[in-house]
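*Asks:* Numbering-wise (our numbering), the sequence shown opens with residue 107 and increments by one.
The C-beta atom is built at its ideal place from N, Cα and C for all residues, glycine as well.
This structure is a prediction, so every number in the text was calculated from the model and none was measured.
Quick one: the structure is below, questions incoming.
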Amino acid sequence: MSDGREQTETWTIDVASGSGNAFFQVVIPANSKTGDTIQLVTNGSVTIAGEATGTYAGASRTYVYASLADEDGQYSYRWDKQTGILLEISVTQGSASIAYRATSTNIWQSLPSMLPNMPSLSVEMLSILISTMAAIAIVASAIIYTRHKRS
């Protein structure tokens, strides 16, 4: 929302019959790939344009994406490649836009956070940090040992 608030809404869809209250294409065939054509619940179709990786519902997921422009607006879809579940959609109609994004699920496990509220460190940065700390400890030990031996 424009004031920064989030709104939570639950959609349901029967994957066998297609019935439910979802008005976006919530599910596509699992393992869809670039070039596949997807029939939409709005009686149109869209072609998968490619795949990429992103973080959804706490886990790194490979997704397929597609876009559709019609008289109602511009639609950009992202579906989980493995499950076919809708991860994100953005809709622009004139000067108005809206976006939906999957923030939680019981379909896959989110990655546990090793250091909550801490930025992630690359392996290289972590190795440099540990090496530097070890070098400081060795030099400090040598200085203390030398001073202690003189007295």
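#1: Three or more beta-carbon pairs under 8 Å between the region 203-219 and the region 150-167, yes or no?
#2: Might you give, ordered along the chain, the residues of its own chain that have their beta carbon closer than 8 Å to the beta carbon of Gly156, omitting 5 neighbours on each side?
#3: What residue range is occupied by the uninterrupted beta strand (DSSP E) comprising Ser173?
#4: Among residues of its own chain, excluding the 5 on either side of Gln199, which ones have a beta-carbon nearer than 6 Å to its beta-carbon?
#5: Would you kindly work out how many angstroms separate the C-alpha atoms of Phe130 and Ser173, rounded to a whole number?
#6: Return helix, strand or coil for Val79, following the three-state DSSP convention.
#7: Specify, as a first and last residue, the run of the beta strand (DSSP E) that Glu230 falls within.
#8: Measure how close the beta-carbons of Ser196 and Ser182 come, nearest whole angstrom, since I'm counting them as under 8 Å.
#9: Measure the alpha-carbon distance for Gly190 versus Ile154 and round it to whole angstroms.
#10: Alpha carbon to alpha carbon, how far is Val245 from Lys255? Give it in angstroms, no decimals.
#11: Determine the burial state of Asp109: buried for a count of at least 16 other Cβ atoms within 10 Å of its Cβ, exposed for fewer.
#12: The beta strand (DSSP E) spanning Ser182 covers which residue range?
#13: Using the beta-carbon count (16 or more within 10 Å), is Leu232 buried or exposed?
#14: Got a sec, what are the start and stop residues for the beta strand (DSSP E) Ser203 sits in?
#15: Cutting at 7 Å between CB atoms, please list the residues of its own chain near Glu230, excluding the five before and the five after it.
*Replies:* So, from the data block:
#1: Segment contact: the region 203-219 against the region 150-167, three or more CB-CB distances shorter than 8 Å; contact assigned.
#2: Excluding residues within five positions, the ones whose Cβ falls inside 8 Å are Thr140, Val170 and Tyr171.
#3: First-last of the beta strand (DSSP E) with Ser173: Ala165 to Asp176.
#4: Contacts found: Gly179.
#5: Each residue's CA atom was taken as its position, placing Phe130 and Ser173 some 13 Å apart.
#6: With the chain represented from 107 up to 257, any question about residue 79 goes unanswered, as that position is not in the structure.
#7: Not the beta strand (DSSP E): Glu230 falls in the alpha helix (DSSP H), residues Val229 to Arg256.
#8: Between the beta-carbon of Ser196 and that of Ser182 there is about 5 Å, and that keeps the pair under the 8 Å contact cut.
#9: Their backbone Cα atoms lie some 12 Å apart in a straight line.
#10: Roughly 15 Å separates the two Cα atoms.
#11: Burial call: exposed.
#12: Where Ser182 is concerned, the enclosing beta strand (DSSP E) stretches over Gly179 to Asp186.
#13: The residue in question, Leu232, is exposed, as its Cβ has fewer than 16 Cβ neighbours within 10 Å.
#14: Per DSSP, Ser203 belongs to the beta strand (DSSP E) from Ala202 to Arg207.
#15: If we look at Glu230 and ignore the five residues flanking it on each side, it has no Cβ neighbours.
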